[in-house]
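So the structure is just underneath, and the comments pick up after that.
Residue numbers (the working numbering), protein chains in the order written: chain A, 234 to 347; chain B, 3 to 118.
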């Protein structure tokens, strides 16, 4: 069975500071990793994904994520946070041979303050 | 490109009543998912369709929940009878099939269900 862990319920950062939202995963086979963002009363929006290749992937709104196979992690990062980045962030995983099944973590609330 | 459409956006019902949600995926997307998102939790997969066949319904409470996807396009999710713990946002998502699981899913805005 595949699973995702997001160990922090909430992350607080000051605007302009770098941010990191943590994610670890467990799958059989090659992992495909995703980050989604959810604003209040909205559906989930895709940010970025790792499939293969370069371990550092870049996505929307200046976000990036680093895949680390040995640590089974896929942390979301941004060099300089904005107040408008405040939202709920979900890490998700599927896998080769997993039949497109997409499993989500519990989410991390990001709060960026002035 | 039109997104995933869901209706209604909000629904309030009394426990033991029935309710149905509708989803229209992105045109051409063969895979359709229904997720349940309880407040404060991540989305939980209820059922996954490929075209009009069920791929995974292992977490669907089949004594009260049912879903169908006629003709491999639109889908409906039904709850009968509803319980208080069914209060949640029900999200529909779709992806093209044949991409080996590495294509991102596109989500609708969800239906917020409140059972009182």
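Just so it is clear, CB atoms sit at the ideal spot from N, CA and C, and this is done for glycine as well. From a predicted model like this one, the values you see are computed outputs, not experimental measurements.
Can you give me the Cβ contacts of residue i inside the same chain, cut-off strictly under 7 Å, excluding the 5 residues immediately before and after it?
i, result
"residue 199(A)", "Because chain A in this structure spans residues 234 to 347, residue 199(A) falls outside the shown range and cannot be described."
"residue 53(B)", "32 and 74"
"residue 61(B)", "46, 47 and 48"
"residue 72(B)", "54"
"residue 319(A)", "343, 344 and 345"
"residue 56(B)", "49"
Is there at least one Cβ from chain A nearer than 9 Å to residue i's Cβ?
i, result
"residue 44(B)", "yes"
"residue 87(B)", "no"
"residue 110(B)", "yes"
"residue 48(B)", "no"
"residue 75(B)", "no"
"residue 2(B)", "Look at the range of chain B in this structure, 3 to 118, and you will see that residue 2(B) is not part of it."
"residue 116(B)", "no"
"residue 52(B)", "yes"
"residue 93(B)", "yes"
"residue 59(B)", "no"
Beta-carbon of residue i versus every beta-carbon of chain B: anything under 9 Å?
i, result
"residue 307(A)", "no"
"residue 254(A)", "no"
"residue 221(A)", "No answer is possible for residue 221(A): it lies beyond the span of chain A, which begins at 234 and ends at 347."
"residue 335(A)", "yes"
Tell me which residues share the same chain as residue i and place their Cβ nearer than 8 Å to its Cβ, disregarding the 5 neighbours each side in the sequence.
i, result
"residue 258(A)", "235, 236, 237, 238, 264, 266, 305, 306, 307, 324 and 326"
Going by the DSSP bridge assignment, what does residue i pair with across the sheet?
i, result
"residue 58(B)", "50(B)"
"residue 296(A)", "The partner list for residue 296(A) (beta bridge, DSSP) is empty, contrary to what the question assumes."
"residue 290(A)", "298(A)"
"residue 281(A)", "268(A)"
"residue 17(B)", "In DSSP, residue 17(B) forms no bridge with anything."
"residue 68(B)", "80(B)"
"residue 243(A)", "342(A)"
"residue 7(B)", "26(B)"
"residue 275(A)", "None; residue 275(A) has no bridge partner."
Express the C-alpha separation of residue j and residue i in angstroms, rounding to a whole number.
i, j, result
"residue 278(A)", "residue 65(B)", "32 Å"
"residue 245(A)", "residue 253(A)", "10 Å"
"residue 136(B)", "residue 283(A)", "Absent from the structure is residue 136(B), since the part of chain B shown begins at 3 and ends at 118."
"residue 28(B)", "residue 92(B)", "17 Å"
"residue 344(A)", "residue 49(B)", "32 Å"
"residue 88(B)", "residue 15(B)", "11 Å"
"residue 114(B)", "residue 12(B)", "5 Å"
"residue 292(A)", "residue 281(A)", "5 Å"
"residue 5(B)", "residue 270(A)", "16 Å"
"residue 70(B)", "residue 346(A)", "45 Å"
"residue 98(B)", "residue 104(B)", "10 Å"
"residue 96(B)", "residue 59(B)", "16 Å"
"residue 274(A)", "residue 296(A)", "22 Å"
"residue 322(A)", "residue 51(B)", "25 Å"
Sorted by chain position, which residues of the same chain lie with C-beta nearer than 6 Å to residue i's C-beta, five sequence neighbours on each side aside?
i, result
"residue 19(B)", "84"
"residue 86(B)", "17 and 117"
"residue 76(B)", "26"
"residue 67(B)", "81"
Is the segment 297-306 of chain A close to the segment 278-288 of chain A, with three or more CB pairs under 8 Å? Under the 8 Å Cβ criterion, the segment 297-306 of chain A counts as touching the segment 278-288 of chain A, having at least three qualifying pairs.
Could you say if the segment 78-90 of chain B and the segment 21-32 of chain B meet the contact criterion of at least three C-beta pairs nearer than 8 Å? Yes: at least three Cβ pairs fall under 8 Å.
Proximal residues, the segment 261-286 of chain A versus chain D, C-beta separation under 7 Å: The structure shown has no chain D; the protein chains it does contain are A and B.
The segment 26-40 of chain B / the segment 311-321 of chain A touching (three or more Cβ pairs under 8 Å): Flag = no, the segment 26-40 of chain B and the segment 311-321 of chain A do not touch.
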